[in-house]
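I have placed the structure first, in the form of structure tokens, so that the comments after it can refer back to it.
Right, dumping it as structure tokens:
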């Protein structure tokens, strides 16, 4: 199983599978796809129009990892369910925080 993130010099890239129009905003832990790649499962109440679901996802991840909302941005998959989020900060601390999300 691969990690649901990739470290960078200035932070991490986090891989997420987003379900919009859910009953509540929440992270549901780490899931491994059939191809062996891992991602965080996330649900948001926002609809996937005008970037609302992406913005809700950015706020949700920022809160879960304890970083400012401005440190999280969608960098790939803007209109897809599978997304890559770039999170700025200390890579080692962010990696530890992400690993703790598995049992959310």
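Numbering (this note's numbering), first residue to last: 9 to 112.
All C-beta atoms, glycine included, are put in the ideal place defined by N, C-alpha and C.
- Residue 68 is not a Cβ neighbour of residue 48, given a cutoff of 8 Å.
- In this structure residue 29 is exposed. Its beta-carbon is surrounded by fewer than 16 other beta-carbon atoms within 10 angstroms.
- Bounds of any beta strand (DSSP E) do not take in residue 71; it lies within the alpha helix (DSSP H) bounded by 60 to 73.
- Residue pairing by DSSP puts residue 19 in a beta bridge opposite 16, 96.
- Closest by C-alpha distance to residue 107, out of 62, 84, 56, 46, is 46.
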